[in-house]
Amino acid sequence: MTISVILILAIQVVVGQVQPPFDIQGHRGARGLLPENSTAGFLLAVDLGVTTLEIDVVVSGDSTVVVSHEPWMSETICSDATGRAITDGRSHNIFRLSYEAVAQYDCGSRGHPDFPRQEKQPAVKPRLVDVINAVEKHTAEHGIEPLQYNIEIKSRPEWDSVFTPAPPVFAQLVHDAVTATGIMDRVTVQSFDIRSLQAAHRTRARWKLALLVASETDLASILDRLGFTPEVYSPYFRLVDESTVRDAHARGMRIVPWTVNEVSDMKRLKALGVDGLITDYPDLARTVSDP
């Protein structure tokens with residue numbers, strides 16, 4: 353091999369490291385098309401070409417890491433074991449239920465009023481390890497490139513010991529679940545709760561960390577409170593402009609806004625230089641992703 357060829361290959365490797373592919377993240381799987389946070393939804397997102405699966409997690413009464421947006425059964429989408437729609441979600445507290453009890457609820461057959469394209473089908477809240485194992489099996493069997501996983505710790509200070517464990521316990525349970533699946537180097541942990549990011553940081557795991565932001569904020573101030581600079585900054589997409597992207601990149605962070613469901617917004621954000629986006633519609637996001 354000539355020196356010139358070696359140099360070309362080295363340059364390609366460096367460029368590949370500096371400019372990874374545009375990151376399309378399937379929000380709660382493919383929420384716009386199949387029940388949110390369901391195994392079927394995650395597998396559909398894989399088949400639609402996402403590079404990352406965005407997964408919400410809570411904890412059951414028997415310390416199982418469960419895939420769910422709320423730490424209770426949502427009145428909007430869930431029914432109990434008899435088929436009755438849930439009307440008082442917080443009384444169906446996942447943190448007070450065994451996983452066996454959690455699995456008796458159906459959170460897919462009712463559909464979702466905000467997502468008319470979503471196909472109604474029975475869906476239980478799966479364990480995180482089961483979702484990861486199903487995805488890993490699916491990608492291996494179909495020759496699909498291994499995916500990244502963006503796992504959101506759903507915590508708030510007012511939920512501590514009521515709906516969720518304290519952040520250090522929560523982060524350790526997620527760490528243990530991820531370790532059991534052997535995919536730590538492909539995991540990002542994200543949260544709106546800086547306490548959970550701090551706890552995840554203290555585990556010294558190989559995972560990456562992402563800061564979620566829902567409203568206008570001074571990035572320097574929140575990073576100062578956080579105490580370190582995470583690998584990823586994920587603001588609400590309407591907060592993103594050129595200066596937002598420039599600031600994140602100047603601090604060495606990738607910027608991946610949420611939740612972007614219109615193609616026009618996807619194109620605008622990509623033109624601004626974001627590194628990826630989180631969407632309920634992976635099928636639409638394919639129109640703006642790299643070929």
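Heads up, the sequence shown is in our numbering, so the first residue is 353 and it goes up one at a time.
All C-beta atoms in this analysis are idealised placements derived from N, C-alpha and C, irrespective of residue type, glycine included.
Review point. Out of curiosity, what's the CA-to-CA distance linking Asp617 and Ala492?
Key: Translated into the one-based positions of the sequence shown, residue 617 becomes position 265. Translated into the one-based positions of the sequence shown, residue 492 becomes position 140. Spanning the alpha carbons of Asp617 and Ala492 requires a straight line of approximately 33 Å.
Check your understanding: Counting pairs of beta carbons, one from the segment 541 to 548 and one from the segment 560 to 567, are three or more of them closer than 8 Å?
Key -> yes
Review point. Using DSSP with H/G/I as helix, E/B as strand and the rest coil, what is Tyr451?
Key: As a first step, residue 451 must be located in the sequence shown, where it is residue number 99. In the structure shown, Tyr451 falls within a helical segment according to DSSP collapsed to helix, strand and coil.
**Study point:** Beta bridge counterpart(s) of Ile391 as assigned by DSSP
**Key:** By 1-based counting over the sequence shown, the position of residue 391 is 39. At residue 391 the sequence reads Thr, which differs from the Ile that was named. For Thr391, which the question treats as bridged, DSSP gives no partner whatsoever.
**Study point:** Whole runs of the alpha helix (DSSP H) within the segment 437 to 496, excluding any shorter than 4 residues
**Key:** 451 to 454, 480 to 494
**Study point:** Between the CA atoms of Val418 and Lys477 - distance to the nearest angstrom
**Key:** Working through the sequence shown from its first residue, we reach residue 477 at position 125. Working through the sequence shown from its first residue, we reach residue 418 at position 66. Cα-Cα distance, rounded: 7 Å.
Review point. How would you label His379, buried or exposed, when you count the other beta carbons within 10 angstroms and need 16 or more for buried?
Key: The residue labelled residue 379 in the question sits at position 27 within the sequence shown. So His379 counts as buried.
Review point. Is the beta carbon of Asp640 sitting closer than 8 Å to the one on Val626?
Key: Here the question's residue 640 lines up with position 288 in the sequence shown. Here the question's residue 626 lines up with position 274 in the sequence shown. Residue identity check: residue 640 is Val in the sequence provided, not Asp. Not in contact: Val640 and Val626 (Cβ atoms no closer than 8 Å).
Point to revise | Nearest neighbour of Val410, chosen from Ala557, Leu591, Gln542 [CA to CA] | key: Sequence index remark: in the sequence shown, residue 410 carries index 58 (1-based). Selected option, being the one with the closest Cα: Gln542.
Point to revise | C-alpha distance - Ser426 paired with Ile438, whole-angstrom precision | key: Position 74 of the sequence shown, counted from the first residue, corresponds to residue 426. Position 86 of the sequence shown, counted from the first residue, corresponds to residue 438. Roughly 7 Å separates the two Cα atoms.
Check your understanding: What span of residues does the beta strand (DSSP E) with Ser567 cover, start to end?
Key -> For the purposes of this step, residue 567 is taken as the residue at position 215 of the sequence shown. Here Ser567 belongs to no beta strand (DSSP E), and DSSP marks it neither H nor E.
Review point. Can you name the start and end residues of the alpha helix (DSSP H) that His527 belongs to?
Key: Walking along the sequence shown from the start, residue 527 turns up at place 175. Looking at the DSSP string, the run of the alpha helix (DSSP H) that includes His527 is 519 to 533.
Review point. With 16 as the cutoff for other CB atoms within 10 Å, does Leu591 come out buried or exposed?
Key: Reading the sequence shown from its first residue, position 239 is the one you call residue 591. Exposed.
Exercise for review: Keeping to the same chain, check which residues put their C-beta closer than 7 Å to that of Val414; ignore five residues upstream and five downstream.
Suggested key: As a first step, residue 414 is located in the sequence shown; it is residue number 62 there, counting from the start. Residue identity differs from the one stated: residue 414 is Asp in this sequence, not Val. Ser450, Tyr451, listed in sequence order.
Review point. Given a threshold of 16 other Cβ atoms within 10 Å of its Cβ, counted over all protein chains shown, does Lys506 qualify as buried or as exposed?
Key: For the purposes of this step, residue 506 is identified with residue 154 of the sequence shown, where counting begins at 1. So Lys506 counts as buried.
Review point. Smallest Cα separation from Gln456: which of Gln470, Gln473, Arg448, Ala433?
Key: Taking the sequence shown and counting its residues from 1, the one referred to as residue 456 is at position 104. The shortest Cα separation from Gln456 among Gln470, Gln473, Arg448, Ala433 belongs to Ala433.
Review point. Within 10 angstroms of its Cβ, does Val539 collect 16 or more other Cβ (buried), or is it exposed?
Key: Numbered from 1 along the sequence shown, position 187 holds the residue referred to as residue 539. The residue is buried, with at least 16 neighbouring Cβ atoms inside 10 Å.
Review point. Hey, Val454 and Ser412: beta-carbon distance below 8 Å or not?
Key: Residue numbering aside, residue 454 sits at position 102 when the sequence shown is read from its first letter. Residue numbering aside, residue 412 sits at position 60 when the sequence shown is read from its first letter. Yes, Cβ-Cβ distance for Val454 and Ser412 is below 8 Å.
Review point. Contact check, Ile407 vs Ile503 under 8 Å by CB: the rounded distance?
Key: Along the sequence shown, one-based indexing puts residue 407 at 55. Along the sequence shown, one-based indexing puts residue 503 at 151. Their Cβ separation, rounded to whole angstroms, is 5 Å, which keeps Ile407 and Ile503 in contact under 8 Å.
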